[in-house]
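See structure below.
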Amino acid sequence: MKIYLIENGTMTPVEDIEITIRPPANGFYWIQARLFDLDILQHLFHLHPLAIEDCIDEEEQRPKLEVYHDHYFIVSNSIQFQNEDIFLREVNIFLGGHYVITVSKFDIDEIRIFPSIIREEEIHSSDFFLYFFMDQLIESYFDVMEEIQDLIENLEEQVLLKAKNTHLSQIVGLRREILYAKKMMAPQRDLIHALQTKELSLISLNLRKYFVDIHENAVKIVENFETFRELIGNVREAYQSSVSNRTNEIMRIFTALTTIFMPLTVVTGIYGMNFDVMPELHTNYGYFIVLIIMFTLATTMYVIFKKRDWL
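Using my numbering, the letters of the sequence shown map in sequence onto residues 663 to 973.
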């Protein structure tokens, strides 16, 4: 557990957890906690048992806002994109009048880099902390969307150039990840909307107006993931079309080759009959003449097919 006293962008480490029970003269406390710290924190700050249960529950929680007597419980998601997989990391936030408690089962990049934002923005209150932290979480989605868009464009180029069997599994996997992110982003958008519109005593009225920008970004993210779903559908159609065209091309070549060998089969079939009276069989150069005829037929048909672009 890490504890900081934050005053106008200045972060001062705090050693004694008991100090955080009382509001500081200036600023607020930021407590970075792990799951095993929740027992102590629940006792000190009287955190609601249902919120504690949601934190430790192994089942993935949807983004939400729970309003309790003297604190709020907020569930949000951080996003990461690695090896064409989308990972949503749950972040739990307890917001009080003079403290903010962040709890996560994973190492969250937004928490790691947030001290620099605290200094740059000179954050001085817990509600301002919440605003900038939620803004940082939402902004991270735009970086992921840029990576996904580049991946879809590269995949489309590869499919149009030459479709491979591996492309289909890549398309299906990426579509699954996009649908998953879109499904989880909708409640994230609703969470931001609730922070913007609800009457929340721990968030100043002037600050709630700024949540409008975050909500607009959340709406854009949902719309972009819907666009990605349509784009990956187009890539799948392009893959199926490419595979179908390649199959037709192969069948056309086989058909042309079969057509070329048909007259040769007729010739060999005629001279393969076991009749006693077949004058050509006794010709000195009959064998070579037949070979020349067969070669001429095959060459002529090949040239004709090539000129008509059938081969």
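Think of the CB as a built atom: it goes at the ideal place given N, C-alpha and C, for glycine as much as any other residue.
- In this model, VAL905 and MET913 are separated by some 12 Å (Cα to Cα).
- Counting only runs that start and end inside the stretch 753-830, the alpha helix (DSSP H) elements of at least 4 residues fall at 771-783, 788-823.
- Rounded to the nearest angstrom, the Cβ distance from MET956 to LEU926 is 5 Å, consistent with a contact under 8 Å.
- Cβ-Cβ distances below 8 Å link GLY948 to GLU942 in the same chain, with the five nearest sequence neighbours on each side left out; the list follows chain order.
- Counting the other CB atoms within 10 Å of its CB gives ASP769 a total below 16, which places it among the exposed residues.
- Note that the C-beta distance between VAL834 and TYR901 is not below 8 Å.
- With 16 or more other CB atoms across the displayed protein chains lying within 10 angstroms of its CB, ASP789 is buried.
- Inter-segment contact for the stretch 706-715 and the stretch 846-855 is absent: fewer than three beta-carbon pairs are separated by less than 8 Å.
- The residue from ASN670, PHE923, TRP692 with its alpha-carbon nearest to that of VAL676 is TRP692.
- The C-beta separation of ILE894 from ARG837 comes to about 5 Å, placing the pair in contact by the 8 Å criterion.
- Rounded to the nearest whole angstrom, the CA to CA distance from LEU697 to LYS767 is 7 Å.
- With a 10 Å radius around the Cβ and a threshold of 16 neighbouring Cβ atoms, PRO725 comes out buried.
- Only residues of its own chain outside the window of five on either side were considered, and among them ILE741, PHE743 have a CB closer than 6 Å to the CB of VAL806, listed in chain order.
- By the neighbour-count definition (other C-beta atoms within 10 Å, threshold 16), MET796 is a buried residue.
- In this structure, the alpha-carbon of LEU706 lies about 12 Å from that of GLY758.
- Nearest to CYS717 by alpha-carbon distance, out of ASP699, ILE785, LYS824, ASN670, is ASP699.
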